[in-house]
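Heads up: the structure comes next, in structure tokens.
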Amino acid sequence: MERRAAMRRPTITDLAREAEVSISTVDRVLNGRLPVHPQTASRVLAAADRIGFYAAGLIRQRLEAQAPARRLGFVLQQRSAPFYQALGAALREAVLACRTIRGQPVIEYLDDLTPAAVSDALRRIGGQTDALALVAADHAHVSRAIDELHEQAVPVFALLSDLTAPTRAGYAGLDSRKAGRFAGWAISRLARVPGPVAIMLGSHRYLGHELCELGYRSYFRETGTGGSGSSFKVLEALVSLEEPRLAYEATADLLRRTPDLVGLYVAGGGIEGVIGMLRDRIQGGETGHLVTVCNELTGVTRAALIDGIVDVVIAHPLERIANDLVAAMIHSIGRPSPAAPVQVMLPFELYTPENL
1 MERRAAMRRP TITDLAREAE VSISTVDRVL NGRLPVHPQT ASRVLAAADR
51 IGFYAAGLIR QRLEAQAPAR RLGFVLQQRS APFYQALGAA LREAVLACRT
101 IRGQPVIEYL DDLTPAAVSD ALRRIGGQTD ALALVAADHA HVSRAIDELH
151 EQAVPVFALL SDLTAPTRAG YAGLDSRKAG RFAGWAISRL ARVPGPVAIM
201 LGSHRYLGHE LCELGYRSYF RETGTGGSGS SFKVLEALVS LEEPRLAYEA
251 TADLLRRTPD LVGLYVAGGG IEGVIGMLRD RIQGGETGHL VTVCNELTGV
301 TRAALIDGIV DVVIAHPLER IANDLVAAMI HSIGRPSPAA PVQVMLPFEL
351 YTPENL
């Protein structure tokens, strides 16, 4: 008797209980007689999958057939950069996997990162999509393009680095100030002696980079005193413009000017150049260890962690940020603008040589 009960096929009543909806709602999802809110229907489908409901496949087919077609646009940077390749792949997967829409991702990578080029790409992609997200430096040209798309009822989200455009729909990324403070904490704990520390940004116009620097400096300002009266001193920020070549040259110049440097936080792009310079330094016979913290786990930064060139990597949780951003974009389509931009703020991931 108990075995037969355990093998009993789940019923509509079981499904309604698991999905926390009424039996009539489940009936509408199954038969398509009356409209059901997409989020409710998705909850029913998820419950059907969990309990092994016999008609889960039918529910999935009905939802896919009824889901509205949506084109979601993403303006990213530098197709050649491994991080943006991974981010683009995560965003594409998130759009295609979403069950509440029949989604089509439109992804464009920009090598020309000037405000004029970014704003042109915004207008072009925005004219083809229902909602848009972009990675960009903050500039009046970009804000104007966002305002124009807002007037055309195309919501625009800032991705990875926030923007000041008041009509942006929201922001998806990390708390950059906390990331900067963590970098300062890590360097202060790992450095063998106190001394000068540096930070490298992609550009001061990236609000995310600016907040990383703010957090980094504020941490050392509050806690920077070391033993024997010595202290950590934060130098003027370096700028890489997201270019590995410039980052290589800036790192080489920094080490020439500051041979007693004890820590470096690379908060922006160009990390490949920094790592290349540090490898050359070691191969040239330099023995002093420079504590290095950078952003994003890629093949290059992973190898640098393993080789002891980089000590800590602060990374975006790409799959989660892509899924949460896509959900926020879908929710914003066709709705009045919220009183304040939506904040999709996620905790960062941490990597060291010991947890790869």
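Under the UniProt record's numbering, think of the first position of the sequence shown as 1, with each following residue one higher.
Ideal Cβ positions, reconstructed from N, Cα and C, are used throughout, including at glycine.
Residue i versus the options, residue with shortest Cα-Cα distance
{"i": "residue 241", "options": "45, 270, 264, 95", "result": "270"}
{"i": "residue 282", "options": "257, 310, 265", "result": "310"}
{"i": "residue 92", "options": "49, 233, 170, 74", "result": "74"}
{"i": "residue 18", "options": "231, 244, 42", "result": "42"}
{"i": "residue 335", "options": "152, 248, 208, 303", "result": "152"}
{"i": "residue 260", "options": "193, 305, 246, 160", "result": "193"}
{"i": "residue 346", "options": "321, 352, 337", "result": "321"}
{"i": "residue 188", "options": "221, 10, 30, 249", "result": "221"}
{"i": "residue 294", "options": "350, 258, 256", "result": "350"}
{"i": "residue 186", "options": "69, 174, 215", "result": "215"}
{"i": "residue 47", "options": "98, 15, 191, 28", "result": "15"}
{"i": "residue 96", "options": "10, 81, 68, 8", "result": "68"}
{"i": "residue 298", "options": "272, 284, 319, 9", "result": "272"}
{"i": "residue 60", "options": "31, 70, 82, 86", "result": "31"}
{"i": "residue 316", "options": "175, 256, 257", "result": "175"}
{"i": "residue 90", "options": "353, 319, 352", "result": "319"}
{"i": "residue 161", "options": "133, 35, 36", "result": "133"}
{"i": "residue 140", "options": "127, 11, 166", "result": "166"}
{"i": "residue 51", "options": "11, 86, 81, 40", "result": "11"}
{"i": "residue 82", "options": "244, 211, 131", "result": "244"}
{"i": "residue 304", "options": "204, 356, 8", "result": "356"}
{"i": "residue 276", "options": "258, 249, 254, 256", "result": "249"}
{"i": "residue 337", "options": "35, 124, 131, 103", "result": "131"}
{"i": "residue 164", "options": "8, 40, 210", "result": "210"}
Cβ-Cβ distance between residue i and residue j below 9 Å
{"i": "residue 84", "j": "residue 142", "result": "no"}
{"i": "residue 301", "j": "residue 278", "result": "no"}
{"i": "residue 313", "j": "residue 296", "result": "yes"}
{"i": "residue 219", "j": "residue 195", "result": "no"}
{"i": "residue 119", "j": "residue 144", "result": "yes"}
{"i": "residue 159", "j": "residue 325", "result": "yes"}
{"i": "residue 44", "j": "residue 25", "result": "yes"}
{"i": "residue 157", "j": "residue 169", "result": "yes"}
{"i": "residue 138", "j": "residue 54", "result": "no"}
{"i": "residue 57", "j": "residue 76", "result": "no"}
{"i": "residue 348", "j": "residue 233", "result": "no"}
{"i": "residue 330", "j": "residue 70", "result": "yes"}
{"i": "residue 99", "j": "residue 63", "result": "yes"}
{"i": "residue 155", "j": "residue 22", "result": "no"}
{"i": "residue 184", "j": "residue 265", "result": "yes"}
{"i": "residue 288", "j": "residue 190", "result": "no"}
Beta-carbon separation (whole angstroms), residue i vs residue j, contact threshold 8 Å
{"i": "residue 122", "j": "residue 146", "result": "7 Å"}
{"i": "residue 172", "j": "residue 267", "result": "In fact, because the Cβ distance is near 18 Å, the residues do not count as touching under 8 Å."}
{"i": "residue 274", "j": "residue 247", "result": "5 Å"}
{"i": "residue 72", "j": "residue 38", "result": "Between residue 38 and residue 72 the Cβ distance is about 15 Å, and since that is not below 8 Å, they are no contact."}
{"i": "residue 323", "j": "residue 94", "result": "5 Å"}
{"i": "residue 308", "j": "residue 353", "result": "7 Å"}
Between the segment 100-119 and the segment 336-348, do at least 3 Cβ pairs fall closer than 8 Å?
-> no
Would you say the segment 232-251 touches the segment 186-202, given that touching needs at least three Cβ pairs under 8 Å?
-> Below 8 Å, enough C-beta pairs join the segment 232-251 and the segment 186-202 to call them touching: three or more.
Along the chain, which unbroken stretches of the beta strand (DSSP E) at least 3 residues long are found entirely within the segment 80-132?
-> 102-110
Which parts of the segment 199-280 are runs of the beta strand (DSSP E), unbroken and 3 residues or longer, counting only runs that do not cross its ends?
-> For the segment 199-280, whole beta strand (DSSP E) runs of length 3 or above, ordered along the chain, are 263-266.
Any beta strand (DSSP E) of 3 or more consecutive residues that is wholly inside the segment 270-335 | 291-295, 312-315
Taking the runs of the beta strand (DSSP E) that are 3 residues or longer, which of them lie wholly in the segment 31-80?
-> 69-77
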